[in-house]
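Chemist: Before we start, here is the structure in question, set down as structure tokens.
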Amino acid sequence: MSATPLLELRGIDKSFGPVQVLRDVAFSAFPGQVTALVGDNGAGKSTLVKCISGIYPTDAGEFLFNGRPVSIHNPRDAAALGIEVVYQDLALCDNLDIVQNMFLGREKRHGLVLDEPTMEQMAADTLAGLSVRTVKSLRQQVSSLSGGQRQTVAIAKAVLWNSKVVILDEPTAALGVAQTAQVLELVRRLADNGLAVVLISHNMNDVFAVSDRIAALYLGQMVAEVKTTDITHAQIVELITAGRSGALGLSSGNGSNDTGGEPAAAPGAAR
Amino acid sequence: MRAGPSQDEIRRQNLGALLRYVHMHGATSRAELTTALGLNRSTIGALTTDLAAAGLVSEGAPKETGRAGRPSLVVRPESARVHAYAYSIEVDRLRVARIGLGGGVLDRRELARPRGITAADAAPLLARAAREMQQPVSADAICVGAGVAVCGLVRRDDGLVRLGPTMGWVDEPIGAAIGAELGPDVPVVVGNVADVAAFAEHTRGAATGCDNLIYLYGDVGVGAGIITGGRRLTGHGGYGGEVGHMVVRRDGTRCECGSRGCWETEIGEHALLRAAGRSDAQGRDAVLAVFEAADRGDARAQTAVRTAGDWLGFGVANLVNIFNPELVIFGGAMRDLYLAAAAQVRSRLNASALPACVEHVRLRTPKLGDDAALIGAAELAFDRLLADPLDVS
Chain A
1 MSATPLLELR GIDKSFGPVQ VLRDVAFSAF PGQVTALVGD NGAGKSTLVK
51 CISGIYPTDA GEFLFNGRPV SIHNPRDAAA LGIEVVYQDL ALCDNLDIVQ
101 NMFLGREKRH GLVLDEPTME QMAADTLAGL SVRTVKSLRQ QVSSLSGGQR
151 QTVAIAKAVL WNSKVVILDE PTAALGVAQT AQVLELVRRL ADNGLAVVLI
201 SHNMNDVFAV SDRIAALYLG QMVAEVKTTD ITHAQIVELI TAGRSGALGL
251 SSGNGSNDTG GEPAAAPGAA R
Chain B
1001 MRAGPSQDEI RRQNLGALLR YVHMHGATSR AELTTALGLN RSTIGALTTD
1051 LAAAGLVSEG APKETGRAGR PSLVVRPESA RVHAYAYSIE VDRLRVARIG
1101 LGGGVLDRRE LARPRGITAA DAAPLLARAA REMQQPVSAD AICVGAGVAV
1151 CGLVRRDDGL VRLGPTMGWV DEPIGAAIGA ELGPDVPVVV GNVADVAAFA
1201 EHTRGAATGC DNLIYLYGDV GVGAGIITGG RRLTGHGGYG GEVGHMVVRR
1251 DGTRCECGSR GCWETEIGEH ALLRAAGRSD AQGRDAVLAV FEAADRGDAR
1301 AQTAVRTAGD WLGFGVANLV NIFNPELVIF GGAMRDLYLA AAAQVRSRLN
1351 ASALPACVEH VRLRTPKLGD DAALIGAAEL AFDRLLADPL DVS
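Those protein sequences? They're chains A and B, same order as listed.
In terms of this note's numbering, the first sequence has 211 at position 211, counting the first letter as 1, and numbering is strictly consecutive.
The number in this note's numbering is simply the position in the second sequence, starting from 1, with 1000 added.
As structure tokens, then:
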């Protein structure tokens, strides 16, 4: 549990035309920890991730990486810092095998030809380092893999490049119970191996199963960043749906923003 | 007044330390051993020669290091030759494995366990499976002993299973029965499955470097392997850690142990299946089917899973208050329940346990998976070798 965050964002603002999506957002991710990013639909989770990964430019705010200010203008800047994102749709090519997918666009060369043995070895080492035992052959086409195995390959691909921060967008969304369990264990292992992991999820179970800290977004504002040992399921659901829970979250004087109707129950978020 | 340790004792101690190091860390160069054990180079050389002469380790040139200078010789455990047998007796299956020095599984067999079978009947089945594996073993192989993991209360002195409620065992001499099959020159050690799994995870799994941990193992019943201050907590007779029989409800359901309201009557397989309205089903697949149903939105299954998760958090909160562990590992059926109901487990734990006890506790699933029982059983057998390498081999 190190004291300085590996990735720290301060005062991030982002608007799309007249719509302000992120409002003075602060967020940090620590090495060796899983930070869960939660919030209702439209709270700004995906936008925040796209700002971190350099897809969207921010309007205001600063990025600190390992305590040093950095600027991220495009995805290549983010990758150079060691920030990798695994998106919900995985972006794997069905007609290529596991090794080809993991090195797609960043193939190792040996003179003019591809260095297949090295790539295969690196892929094998990465999967072994994550204690992945479910994949039989590295030369298997991705189309033959199950949903959980695909997710595993996508995560391994993100880890391969000596990455330091791995952001996972809903990694268990389309999976059955057994595969969800495997992916959750993998997410936990990434952090236990020393990476800073950011987990975006709607499923409170997944969040509580693996996270060390929980960051809750509510209508574009970061309403709480708390340790998982200090909070209950009911409090998180309140933060997500109403922006406050007891002493946590928005102070009641700040309630002028949420004129948009009932902040009571949002049924989907409670799962 | 006691005199200092003799030369012989020191040497035996050092041999054990060196062998234990390569057993736990795999192939290690002499230079690394010198640093890790704090012995000088010539001592390491002499110890290695002795162990190699006994056939426990081998020495060889390392792979290319790419560094300047003469490379240090690498000491490897003789994994293929020095081995132990590991048995795991579970509610639904019997497993046997041959495990090499260094902790690798060399070979394994698995058979279904007919429910209601006694120790006297189980031992020949296990022995036959072990003999099937024995064939390819080379003539100079060294078998250091056998370890048995069993779901039940095990008397430490002789491996008698005093009570295995989930298997219907009372006073079953499994240690003696397996010993009779293996012959007099193979020592047999018996341990509770949760204890040996905790031992395995502590030695080479999710809990390496962590000296205060609780491993919760569940199938039909629930037990815990507890390690505090780096030592296994077994109690006076070896029966410690039966957390599944903590009474959590004065007027609760009757438990197979004869009491009422035990913790396992709220979180065990029967409780979950009953609450989900599937009392006629049994086994791990039936439990997983409840989780699947809950995931798809079956309200009754969801309630069953959440209630069981809440009870799991309740008991863990008590354990965390008493033992203040840094790590709680959920193994066997408890892994599935934890991952399916983590929100309830965590919430109840955070709400009930003392903040000082809970603030640094990590909740994890096993790294070794279901193999922990086998690997831990083998570790029991290796323990004797590591204490005095040259005497045993």
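We put the CB at the ideal spot given by N, CA and C, even for glycine.
1) Would you tell me roughly how many angstroms separate the C-alpha atoms of leucine 1319(B) and alanine 1119(B), rounded to the nearest one?
2) So which residues of chain B does leucine 184(A) contact, with C-beta pairs closer than 9 Å?
3) Roughly how many angstroms lie between the CA atoms of aspartate 1157(B) and glycine 1237(B), to the nearest whole one?
4) So which residues of chain B does threonine 232(A) contact, with C-beta pairs closer than 7 Å?
5) Just tell me which of Glu120(A), Leu7(A), Ser53(A), Val25(A) has its CA closest to the CA of serine 15(A).
6) Report yes if the CB atom of alanine 1146(B) is closer than 7 Å to the CB atom of tyrosine 1085(B), and no otherwise.
7) Buried or exposed for threonine 4(A), going by 16 or more other Cβ atoms inside 10 Å?
8) Chain A partners of valine 1358(B), CB-CB under 7 Å?
9) Among the residues of its own chain, which have a CB less than 6 Å from the CB of valine 1358(B), if the five just before and after it don't count?
10) What does the alpha-carbon distance come out to for the pair valine 197(A) and valine 187(A)?
11) Alpha carbon to alpha carbon, what distance is there between alanine 1308(B) and methionine 1334(B)?
12) What would DSSP say about proline 1389(B), mapped onto helix, strand or coil?
13) Tell me which residue opens and which closes the alpha helix (DSSP H) that glutamine 100(A) is part of.
14) One question on the structure: do tyrosine 87(A) and aspartate 13(A) come within less than 7 Å of each other, judged by their Cβ atoms?
15) Ends of the alpha helix (DSSP H) at alanine 128(A)?
16) Are methionine 1133(B) and arginine 1081(B) close, meaning C-beta to C-beta below 7 Å?
17) Does the stretch 128-144 of chain A touch the stretch 91-111 of chain A, meaning 3 or more C-beta pairs lie closer than 8 Å?
18) Would glutamate 1292(B) count as contacting chain A if we go by Cβ distances under 7 Å?
19) Just verifying my parser: in three-state terms, what is the DSSP assignment at serine 46(A)?
20) Take alanine 60(A) and list the residues in its own chain whose beta-carbon comes closer than 8 Å to its own, dropping the five residues that flank it on each side.
21) Assuming glycine 1102(B) and leucine 1368(B) form a contact by the criterion Cβ under 8 Å, report the distance between their Cβ atoms to the nearest whole angstrom.
22) With DSSP as the reference, label glycine 1369(B) as helix, strand or coil.
23) Over the uninterrupted alpha helix (DSSP H) stretch that includes aspartate 40(A), give me the two end residues.
24) Could you tell me whether the Cβ atoms of valine 177(A) and leucine 195(A) are closer together than 7 Å?
25) In chain order, what residues of the same chain have a beta carbon less than 7 Å from the beta carbon of glycine 1332(B), not counting five sequence neighbours either side?
26) For the stretch 41-56 of chain A against the stretch 69-88 of chain A, are there 3 or more C-beta pairs whose distance is under 8 Å?
27) Tell me whether glycine 1116(B) sits in a helix, a strand or coil according to DSSP, three-state version.
28) Cβ atoms of leucine 217(A) and glycine 17(A): under 7 Å apart, would you say?
29) Taking the beta strand (DSSP E) that valine 1220(B) falls in, what are its first and last residues?
30) Please list the residues of the stretch 87-107 of chain A that have a C-beta atom closer than 9 Å to any C-beta atom in chain B, keeping them in chain order.
31) Excluding the 5 residues preceding and the 5 following glutamate 1326(B) in the sequence, name in chain order all residues of the same chain whose CB lies nearer than 7 Å to its CB.
32) Contact defined as beta carbons within less than 8 Å: I believe methionine 119(A) pairs with valine 153(A). What is the distance between those atoms, to the nearest angstrom?
33) Which same chain residues end up closer than 7 Å to alanine 1317(B) when comparing Cβ atoms and leaving out the 5 residues on each side of it in sequence?
34) Just checking my contact of valine 207(A) with alanine 29(A) at CB under 8 Å: how many whole Å lie between their CB atoms?
35) With DSSP collapsed to three states, give me the class of methionine 222(A).
36) Please report whether the beta-carbon of aspartate 1416(B) lies at a distance below 7 Å from any beta-carbon of chain A.
Modeler: Put simply:
1) The alpha-carbon separation between leucine 1319(B) and alanine 1119(B) amounts to approximately 32 Å.
2) Leu1339, Ala1342, Thr1365, listed in chain order.
3) One Cα belongs to aspartate 1157(B), the other to glycine 1237(B), and the distance between them is close to 8 Å.
4) By Cβ distance, chain B contributes Ser1347, Asn1350, Ala1351.
5) Of all alpha-carbon atoms in Glu120(A), Leu7(A), Ser53(A), Val25(A), the one lying nearest the alpha-carbon of serine 15(A) is that of Val25(A).
6) Yes, these two residues count as a Cβ contact at 7 Å.
7) Exposed, by the Cβ-count rule.
8) At a beta-carbon threshold of 7 Å, the residues of chain A lying near valine 1358(B) are Thr229, ordered along the chain.
9) Excluding positions up to five away in sequence, the list reads Val1320.
10) Answer to the nearest angstrom: the Cα atoms are 8 Å apart.
11) Rounded to whole angstroms, the separation of the alpha carbons of alanine 1308(B) and methionine 1334(B) is 10 Å.
12) Collapsing the DSSP output to three states places proline 1389(B) in a helix.
13) Run containing glutamine 100(A): 98-102, per the alpha helix (DSSP H) assignment.
14) The answer is no: Cβ separation not under 7 Å.
15) From DSSP, the alpha helix (DSSP H) with alanine 128(A) extends over 116-129.
16) Contact flag unset, no.
17) Yes: the two stretches touch, three or more of their Cβ pairs being nearer than 8 Å.
18) Using beta-carbon distances, glutamate 1292(B) counts as an interface residue toward chain A, with a partner under 7 Å.
19) Helix, per DSSP.
20) Here the set comprises Gly11, Ile12, Asp13.
21) The C-beta distance from glycine 1102(B) to leucine 1368(B) rounds to 14 Å, too long to meet the 8 Å contact threshold.
22) Residue state, collapsed to three classes: helix.
23) Element bounds for aspartate 40(A): n/a, residue is neither H nor E.
24) Their beta carbons are not under 7 Å apart, which means valine 177(A) does not touch leucine 195(A) by this criterion.
25) For glycine 1332(B), where only same-chain residues beyond five positions count, the Cβ hits under 7 Å are Tyr1217, Gly1218, Asp1219.
26) The count of Cβ pairs closer than 8 Å, one atom from the stretch 41-56 of chain A and one from the stretch 69-88 of chain A, reaches three, so the stretches are in contact.
27) Reduced to three states, the DSSP call for glycine 1116(B) is coil.
28) Contact: no.
29) For valine 1220(B), there is no enclosing beta strand (DSSP E), as DSSP marks it with neither H nor E.
30) Listed by position along the chain: nothing, the set is empty.
31) Here the set comprises Cys1210, Asn1212, Leu1213, His1360, Val1361, Arg1362.
32) Here methionine 119(A) is actually not in contact with valine 153(A); their C-beta atoms are around 14 Å apart, not less than 8 Å.
33) Closer than 7 Å at Cβ, skipping near neighbours: Arg1348, Leu1349, Ser1352, Ala1353.
34) Between the beta-carbon of valine 207(A) and that of alanine 29(A) there is about 15 Å, and that puts the pair past the 8 Å contact cut.
35) It is a strand residue.
36) Because chain B is modelled from 1001 through 1393, residue 1416(B) falls outside the range shown and cannot be assessed.
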